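Peer 1: Sharing a structure, written as structure tokens. Questions coming.
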Amino acid sequence: MDLAGVLLALLLVLVLVVSLLSNLLVAGVFLVNLSFCNLLLTVLNMPFTLLGILRSQQPLGGCVCKAVGFLETFLTSNTMLSMAALSIDKWIAVVFPLSYTSKMRYKDAVILMGYSWLHSLTFPLVSLFYSWVDYNSVYASCTLHLKEETERRRFTVFTIVFHSTSFMLSLVILCFTYLKVLKVARFHCKRIDIITMQTLVLLVDIHPSVKQRCLNEQKRRRQRATKKISIFIGSFVICFGPYIITRLIELIPFVTINYYWGIISKCLTYSKAASDPFVYSLLRQQYKKVLINIVNRILKRDLYPSSGYNSSLDTENDYCLHRTN
Numbered sequence: 029m030d031l032a033g034v035l036l037a038l039l040l041v042l043v044l045v046v047s048l049l050s051n052l053l054v055a056g057v058f059l060v061n062l063s064f065c066n067l068l069l070t071v072l073n074m075p076f077t078l079l080g081i082l083r084s085q086q087p088l089g090g091c092v093c094k095a096v097g098f099l100e101t102f103l104t105s106n107t108m109l110s111m112a113a114l115s116i117d118k119w120i121a122v123v124f125p126l127s128y129t130s131k132m133r134y135k136d137a138v139i140l141m142g143y144s145w146l147h148s149l150t151f152p153l154v155s156l157f158y159s160w161v162d163y164n165s166v167y168a169s170c171t172l173h174l175k176e177e178t179e180r181r182r183f184t185v186f187t188i189v190f191h192s193t194s195f196m197l198s199l200v201i202l203c204f205t206y207l208k209v210l211k212v213a214r215f216h217c218k219r220i221d222i223i224t225m226q227t228l229v230l231l232v233d234i235h236p237s238v239k240q241r242c243l244n245e246q247k248r249r250r251q252r253a254t255k256k257i258s259i260f261i262g263s264f265v266i267c268f269g270p271y272i273i274t275r276l277i278e279l280i281p282f283v284t285i286n287y288y289w290g291i292i293s294k295c296l297t298y299s300k301a302a303s304d305p306f307v308y309s310l311l312r313q314q315y316k317k318v319l320i321n322i323v324n325r326i327l328k329r330d331l332y333p334s335s336g337y338n339s340s341l342d343t344e345n346d347y348c349l350h351r352t353n
């Protein structure tokens, strides 16, 4: 194995370890399905791709390879649709907070997850029926693979429909729902800014440094929602986009995909499993506080200021106004 192959193998090992540890830390009802898919992908698929890179050949028998390829197709599609379902839940919770319990009942959540599973199972079952699951040396993994040129037209239609109803559908839902959430967030930020400015005008004896701090917090608050939504959508596109585009381009008969690019694009899809816990959970304030408490206990020192003020950005304005009393 050459140096590039060794580096790709090390990259996949890093993604595997981070994905396994981070997904085990995730808790929450709405993230269970996503974490479940990520954990299975980490435990069952990443190791076999690693073996394919190390051996430069198919590491498994035919039946095991088909089973692994089936799981990969199912889990990848289910992951995308689970992210879309999470965005729908977030949209309803933010845009319709008073009627959330009636619009997103337990039955509705089960229907969403049921559709995600049914949709995700349909395509790998079809691919198994037509024997389109096999070891693909370009990606060093058991995945969708065309062996007979006589099946190219049918396989092309299948691949386009599969990625359109999984990746593109999920991307459209993510953009629609999170842009609606961003619109509501900006409206609330604008309202809070007006109240804050009115308060600062009334407090004529306020210290200039405190006033400037509150104004800086206004700017950070306006940017916070945009940054979070950019991370949600950006991570989806960056991780899945290159692989999906590559799979579509290789449908052109005269196009040959470079081996190293195939492995890199595959590792990017795996990296989504490693990044999801950070994007959806570990970046939230409550998880930050938990991690800080863990570090505090390990280092046996107090990481919080002795004044007892909350350092969370979500309460920064309250802190600024409290300092004026």
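All residue numbers for the sequence shown refer to the numbering used here, where the first residue is 29 and numbers rise by one. A virtual CB, placed ideally from N, CA and C, is assigned to each residue, including glycine. A quick note: this is a predicted structure, and the numbers were derived from the prediction, not measured.
Quick one: what's got a C-beta closer than 8 Å to Y288's C-beta in the same chain, skipping five residues either side?
Peer 2: On the sequence shown, residue 288 is found 260 positions in, with the first residue counted as 1. Answer for Y288: A32 and L36, listed in chain order.
Peer 1: Between the Cα of V161 and those of R214, F98 and R241, spot the shortest distance and give me the residue it belongs to.
Peer 2: On the sequence shown, position 133 is the one that residue 161 refers to. Nearest option by C-alpha distance: F98.
Peer 1: Could you check if E245 is buried or exposed, using at least 16 other CB atoms within 10 Å of its CB as the buried criterion?
Peer 2: Taking the sequence shown and counting its residues from 1, one reaches residue 245 at position 217. Label assigned to E245: buried.
Peer 1: So for D117, helix, strand or coil by DSSP?
Peer 2: As a first step, residue 117 is located in the sequence shown; it is residue number 89 there, counting from the start. Reduced to three states, the DSSP call for D117 is helix.
Peer 1: State the CB to CB distance for the pair F260 and L202, rounded to an integer number of angstroms; the pair is presumed to be in contact (CB under 8 Å).
Peer 2: Here residue 260 refers to the residue found at position 232 when the sequence shown is read from its first residue. Here residue 202 refers to the residue found at position 174 when the sequence shown is read from its first residue. Right, their Cβ atoms sit about 7 Å apart.
Peer 1: Could you give the residue range of the beta strand (DSSP E) that holds V161?
Peer 2: Walking along the sequence shown from the start, residue 161 turns up at place 133. Looking at the DSSP string, the run of the beta strand (DSSP E) that includes V161 is V161 to N164.
Peer 1: Taking only three categories from DSSP, how would you classify S169?
Peer 2: Taking the first residue of the sequence shown as 1, we reach residue 169 at position 141. Correct three-state label for S169: strand.
Peer 1: Do N61 and M132 have their C-beta atoms closer together than 8 Å?
Peer 2: Residue numbering aside, residue 61 sits at position 33 when the sequence shown is read from its first letter. Residue numbering aside, residue 132 sits at position 104 when the sequence shown is read from its first letter. No, the pair does not count as a contact, with Cβ atoms beyond the cut-off.
Peer 1: Using only the alpha-carbon positions, how far apart do L82 and Y167 sit?
Peer 2: Translated into positions along the sequence shown, residue 82 becomes position 54. Translated into positions along the sequence shown, residue 167 becomes position 139. The straight-line gap from Cα to Cα measures roughly 12 Å.
Peer 1: By alpha-carbon positions, which one of N286, L207 and C267 ends up nearest to K256?
Peer 2: Sequence index remark: in the sequence shown, residue 256 carries index 228 (1-based). When each option's Cα is compared against that of K256, the closest is L207.
Peer 1: DSSP state of Y158, grouped into three classes?
Peer 2: Translated into positions along the sequence shown, residue 158 becomes position 130. In this structure, Y158 counts as coil in the three-state DSSP scheme.
Peer 1: At which residues does the alpha helix (DSSP H) containing M74 begin and terminate?
Peer 2: In the sequence shown, the residue the question calls residue 74 occupies position 46. M74 to R83 is the span of the alpha helix (DSSP H), which, as asked, contains M74.
Peer 1: Using the Cβ count rule (16 or more neighbours within 10 Å means buried), how would you classify C91?
Peer 2: Translated into the one-based positions of the sequence shown, residue 91 becomes position 63. Looking at its Cβ environment, which holds fewer than 16 other Cβ atoms inside 10 Å, C91 is exposed.
Peer 1: Looking at C-beta atoms only, is the number of pairs between the segment 278-298 and the segment 147-166 that lie closer than 8 Å three or more?
Peer 2: At 8 Å Cβ cutoff, the stretches touch.
Peer 1: According to DSSP, is Y332 helix, strand or coil?
Peer 2: Taking the first residue of the sequence shown as position 1, residue 332 is located at position 304. Note on Y332: pLDDT 45, under 50, position unreliable in the model; the coordinate value appears next. Coil, per DSSP.
Peer 1: Using three-state DSSP, classify P87 as helix, strand or coil.
Peer 2: Position 59 of the sequence shown, counted from the first residue, corresponds to residue 87. It is coil, neither helix nor strand.
Peer 1: What are the boundary residues of the alpha helix (DSSP H) that includes S130?
Peer 2: Stepping through the sequence shown from its first residue, residue 130 is reached at position 102. Its alpha helix (DSSP H) spans residues Y128 to K131.
Peer 1: Relative to the C-alpha of Y298, which candidate in E177, L42 and V34 has its C-alpha closest?
Peer 2: Position 270 of the sequence shown, counted from the start, is the residue given in the question as residue 298. The residue with the shortest Cα to Cα distance from Y298 is L42.
Peer 1: Check whether the Cβ atoms of S144 and S110 lie closer than 8 Å to each other.
Peer 2: Within the sequence shown, residue 144 is the residue found at index 116, counting from 1. Within the sequence shown, residue 110 is the residue found at index 82, counting from 1. For S144 and S110, yes; Cβs fall inside 8 Å.
Peer 1: Report the residue from V265, S263 and V212 whose alpha carbon sits nearest the alpha carbon of F124.
Peer 2: Mapped onto the sequence shown, residue 124 falls at position 96. Selected option, being the one with the closest Cα: V212.
Peer 1: Note down the Cα distance separating V34 from S130, rounded to an integer number of angstroms.
Peer 2: Looking up residue 34 in the sequence shown gives position 6. Looking up residue 130 in the sequence shown gives position 102. Those two C-alpha atoms are separated by around 53 Å.
Peer 1: Who are the near neighbours of H350 in its chain, counting only those whose CB is closer than 7 Å to its CB and skipping five residues on each side?
Peer 2: Here the question's residue 350 lines up with position 322 in the sequence shown. Residue confidence for H350 is low, a pLDDT of 40 falling below 50, so the modelled location carries little weight; the figure read from the coordinates is stated next. Cβ neighbours of H350 beyond the five flanking positions: none.
Peer 1: What's the gap between the Cα of N73 and the Cα of K94?
Peer 2: Position 45 of the sequence shown, counting from 1, holds the residue named residue 73. Position 66 of the sequence shown, counting from 1, holds the residue named residue 94. Going by the C-alpha atoms only, they are around 12 Å apart.
Peer 1: Sorted by chain position, which residues of the same chain lie with C-beta nearer than 7 Å to N353's C-beta, five sequence neighbours on each side aside?
Peer 2: Here residue 353 refers to the residue found at position 325 when the sequence shown is read from its first residue. At N353, the pLDDT of 40 sits below 50, so the modelled position is not reliable and the matter cannot be decided from this model.
Peer 1: How would you call E176, buried or exposed, if buried means at least 16 neighbouring beta carbons within 10 angstroms?
Peer 2: Numbered from 1 along the sequence shown, position 148 holds the residue referred to as residue 176. Exposed is the call here.
Peer 1: Report, in whole angstroms, the separation of the C-beta atoms of S148 and S105, which I expect to be a contact under 8 Å.
Peer 2: Counting from 1 along the sequence shown, the entry for residue 148 is found at position 120. Counting from 1 along the sequence shown, the entry for residue 105 is found at position 77. Going by Cβ atoms, the distance from S148 to S105 rounds to 4 Å, so yes, they are a contact pair.
Peer 1: Leaving out five residues before and five after V265 in sequence, what residues of the same chain have Cβ atoms less than 8 Å from its Cβ?
Peer 2: On the sequence shown, position 237 is the one that residue 265 refers to. Within the same chain, V265 has close Cβ partners L199.
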